[in-house]
Structures are given as structure tokens and as C-alpha cells.
DNA sequence: AATGATACTCGGC
DNA sequence: TTACGGCCGAGTATCATT
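Numbering (my numbering), first residue to last: 45 to 394.
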């Protein structure tokens with residue numbers, strides 16, 4: 045059986061615990077961009093705030109219009125702390141499940157025996173509550189997709205165990221956008237083809253699906269439409285790239301301002317690389333223009349790199365290249381390192 | 001034509 | 001109508017190599 049463990053309103057729940065004053069209040073965890081005092085968006089909000097229409101991605105300024113100031117706490121995200129809590133929960137899960145893959149900072153997929161699965165799920169939920177003091181929702185089903193949709197349906201503080209029939213019923217009758225992996229764009233395209241429930245995707249021809257969504261996604265949609273929910277945990281792989289992105293004080297096309305910001309972000313990303321003992325072979329620059337579209341430019345090197353000085357010219361070239369082909373002002377910039385190679389300790393080949 | 005590497009966009013959280 | 005972060009991996013397009 046597959047298990048999906050999903051922390052409820054994770055960042056906001058952690059902040060609730062952290063600040064005694066927060067009891068009973070609306071907690072809005074925010075990403076402040078620094079452009080103006082209230083520029084930025086909502087990262088996570090607790091259920092009290094959700095009832096008022098505050099949601100992830102909402103501009104902070106809009107959230108402030110919806111929340112009564114006396115009952116609301118606006119707090120900046122503290123990712124480092126949340127990551128520590130996440131590590132603690134990870135250990136709780138790993139001591140209890142046979143196979144575990146952490147899917148994000150607040151989600152885990154696991155696999156364990158069919159026998160005693162409901163009890164195991166309850167044990168996990170209680171352990172996370174007792175040892176970390178946090179509530180989560182857990183779904184258990186014969187497929188990972190079923191487990192994910194079960195946890196999401198049971199939210200918050202829920203536990204839902206499904207058998208084959210229950211899983212098929214839940215997934216088949218679901219609205220297409222409830223399926224993890226089907227976002228706004230895919231849902232819109234499916235609706236244009238006449239499918240609104242998952243089971244109605246089964247009526248579409250595989251050829252149409254592949255033509256519209258590409259080989260991989262098309263085949264996958266066809267499968268779930270027909271009720272085939274295979275696809276296991278997958279391998280747990282280390283992180284494959286690291287990026288840092290930030291918002292400029294003002295939009296600009298000045299390459300010096302852009303490069304200065306990139307360098308600031310670069311040193312942060314480099315610290316991560318150093319800590320993880322990684323070199324990299326791919327360098328990318330991310331640009332978000334004033335129309336809020338994202339663009340990327342990247343280069344790969346034959347040999348792994350590690351010191352920043354050696355990429356000075358490459359950064360400049362990527363920025364110039366972008367400015368030459370895009371007329372918009374730049375609002376946010378980022379840097380990305382990928383294609384890692386392990387560094388240090390290990391004896392390398394040859 | 002097949003395979004592999006790289007470049008880039010999309011979208012989930 | 002405005003307002004609008006910071007990550008990450010998956011997937012696909014494109015190019016190089018055989």
C-alpha cells in the first residue's frame with residue numbers, strides 16, 4: 045500500500061506553534077520582496093485566513109484588505125526553520141515505513157505492507173502529532189495517486205484509507221484539476237476536448253491525447269482516464285539543481301544593476317554548493333520581465349566548475365544575450381547551477 | 001534513425 | 001482594473017553525435 049503524508053498549512057501551522065500570541069489568530073506567512081514595504085505575496089495562510097479568501101500567491105497588499113488587523117499576524121517566511129522541522133518529521137516517518145521518499149518540504153510518499161496499513165497510518169499521524177506537535181493529513185491507497193488524492197480529500201487533520209474500489213471511485217469522479225499533475229493549463233485543454241471528470245478522459249482517444257499533450261502526458265492521461273493508476277514511488281535522488289532568485293528594487297535594463305544582483309544571489313547559491321560539496325557544469329540566469337514572464341538563458345561547460353571568477357564572462361554574455369533579444373524591463377533576476385558533480389572526499393575515477 | 005546532451009518553459013508547492 | 005515570490009523537477013524542443 046502507498047501512503048501520502050501531507051502537512052496541513054505547514055508554514056502557518058509552525059508559526060502558530062512558535063508564537064503563543066498567535067492562538068486563535070489569522071496567520072499569514074509572507075514572502076516580502078523588498079521592493080516596497082508591502083510588496084510580495086502570501087506563501088501560506090491558516091484556515092481562519094482561508095475562510096476570508098486569503099490564499100497562497102495572493103499579493104500581501106490584497107491580503108491586508110481581507111484581514112481584520114487586530115486578529116491577524118503577518119509574518120515573514122523562515123524557510124531555514126521550516127526545513128529543520130521538516131527534517132524532524134522525516135525521521136519520524138523513516139523509522140516507521142519500509143520505503144520513504146520525501147516529495148517536498150511538507151510532503152512524503154511511502155510504501156509499506158498491505159497488512160495493517162490503516163493502523164500504520166494512524167500510528168504515523170499520532171507520532172507526528174505527539175513528537176512534532178503538528179497535524180497532517182494522510183491518505184492510504186493501492187496506488188500513489190490514490191493515496192495523494194485521499195490525503196487531499198481528508199484535509200485538514202484527516203486520515204483516509206481506500207481499497208481498490210474506493211480509489212477508483214474517488215479518482216474517477218474527481219474534477220480533472222483535483223488530480224496532482226493536472227494544473228490550470230492542462231485542465232483547460234481537457235475541458236476544450238469535452239472532459240471535466242477524470243473518468244471522462246477515458247472517452248477521449250489516446251491519439252488525441254498524445255497530439256494535444258505530448259507523448260508522456262498524453263499516455264498518462266489516457267491511463268488515469270481508464271482507471272490505471274500505476275507508477276510507484278520512484279527513486280529518491282538528491283537535489284539536481286540549486287537556484288536563487290530575487291526582486292530588483294526597480295525594474296531596469298541596466299546590465300550593471302542586473303549583474304550586481306546576480307552576484308549577490310550567486311554567493312548564496314555558492315554557499316549551498318560548498319556545503320553540499322558539489323561542483324556544477326551548467327550555469328543559468330533567470331529573468332522575470334515587467335510583464336511577469338519568466339525567461340532563462342544557460343550554458344554548460346565541458347568540465348565541472350567551482351570558483352565564481354571563472355564564470356564572470358559567462359554571466360555577462362548571458363545577460364547581454366537576453367537584453368539583445370528582449371525589449372522588456374527586468375523585474376526579477378536569478379541564478380541557477382545544475383548538472384552537479386561530487387567534490388572532495390571521494391576518490392574519483394582515474 | 002537512434003541516442004544522448006543541452007536549452008528552455010511549464011507548473012506544483 | 002490592480003496587485004504579484006522563490007524555489008524545485010518534469011517534460012519537451014532542439015541540437016550534436018553516431
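Built from N, CA and C at the ideal position, the CB exists for glycine as well. Fair warning: this is a prediction, and the values are worked out from it, not measured in the lab.
Check: Report the residue from 140, 214, 152 whose alpha carbon sits nearest the alpha carbon of residue 168.; Outcome: 140
Check: With a Cβ-Cβ cutoff of 8 Å, do residue 325 and residue 348 count as a contact?; Outcome: yes
Check: What are the partner residues of residue 146, as DSSP defines its beta bridges?; Outcome: 152
Check: Answer yes or no: do residue 386 and residue 321 have a C-beta to C-beta separation smaller than 8 Å?; Outcome: yes
Check: Determine, using beta-carbon pairs with one atom in the region 78-96 and one in the region 105-118, whether at least three such pairs fall under 8 Å.; Outcome: yes
Check: What are the start and end residues of each continuous alpha helix (DSSP H) run of 4 or more residues lying completely inside the region 131-208, in chain order?; Outcome: 161-171, 188-198
Check: Give me the DSSP bridge partner(s) of residue 385.; Outcome: 323
Check: So residue 71 and residue 119 are supposed to be a Cβ contact under 8 Å. How far apart are they, rounded?; Outcome: 7 Å
Check: By how many angstroms is the C-alpha of residue 130 removed from the C-alpha of residue 123?; Outcome: 10 Å
Check: Quick check: residue 288 and residue 374, are their CB atoms within less than 8 Å of each other?; Outcome: no
Check: Leaving out the 5 sequence neighbours to the left and right, which residues in its chain are closer than 6 Å to residue 158 when beta-carbon positions are compared?; Outcome: 45
Check: Quick check on residue 364: buried or exposed, where buried means 16 or more other Cβ atoms within 10 Å of its Cβ?; Outcome: exposed
Check: If we ignore side chains and look at the alpha-carbon of each, how far apart do residue 356 and residue 302 end up?; Outcome: 13 Å
Check: Under 8 Å Cβ to Cβ from residue 217, same chain only, skipping five residues before and after it: list those, please.; Outcome: 241, 242, 243
Check: Note the first and the last residue of the continuous alpha helix (DSSP H) segment covering residue 230.; Outcome: 228-236
Check: My guess is that residue 133 and residue 182 are in contact by the Cβ rule of under 8 Å, so how many angstroms apart are they, rounded?; Outcome: Between residue 182 and residue 133 the Cβ distance is about 12 Å, and since that is not below 8 Å, they are no contact.
Check: Should residue 63 be labelled buried (16 or more other beta-carbon atoms within 10 Å of its own) or exposed?; Outcome: exposed
Check: What whole-angstrom Cβ distance do residue 100 and residue 86 have, given they're in contact under 8 Å?; Outcome: 6 Å
Check: Would you identify the three-state DSSP class for residue 248, choosing helix, strand or coil?; Outcome: coil
Check: Can you tell me whether residue 152 is buried or exposed, with buried defined as 16 or more other CB within 10 angstroms of its CB?; Outcome: buried
Check: Cα-Cα, which of 180, 245, 354, 162 is closest to residue 207?; Outcome: 162
Check: Roughly how many angstroms lie between the CA atoms of residue 115 and residue 69, to the nearest whole one?; Outcome: 5 Å
Check: Which two residues bound the contiguous alpha helix (DSSP H) that contains residue 91?; Outcome: 91-94
Check: If we count the other Cβ atoms within 10 Å of its Cβ and call it buried at 16 or more, is residue 269 buried or exposed?; Outcome: buried
Check: With a threshold of 7 Å on Cβ separation, who are the neighbours of residue 327 within its own chain once the five nearest residues in sequence on each side are excluded?; Outcome: 342, 343, 355, 358, 381
Check: Name the two residues that bound the continuous beta strand (DSSP E) containing residue 48.; Outcome: 46-51
Check: According to DSSP, residue 379 sits in a beta bridge with which residue or residues?; Outcome: 288, 329
Check: Quick one: what does DSSP say residue 103 is sitting in, helix, strand or coil?; Outcome: strand
Check: Here's the rule: buried if 16 or more other CB atoms are within 10 angstroms of the residue's CB, otherwise exposed. What is residue 95?; Outcome: exposed
Check: So, for residue 317: in the same chain, excluding its five sequence neighbours on each side, which residues have a beta-carbon less than 7 Å away from its beta-carbon?; Outcome: 286, 324, 381
Check: Rounded to whole angstroms, what is the Cα-Cα separation between residue 185 and residue 59?; Outcome: 31 Å
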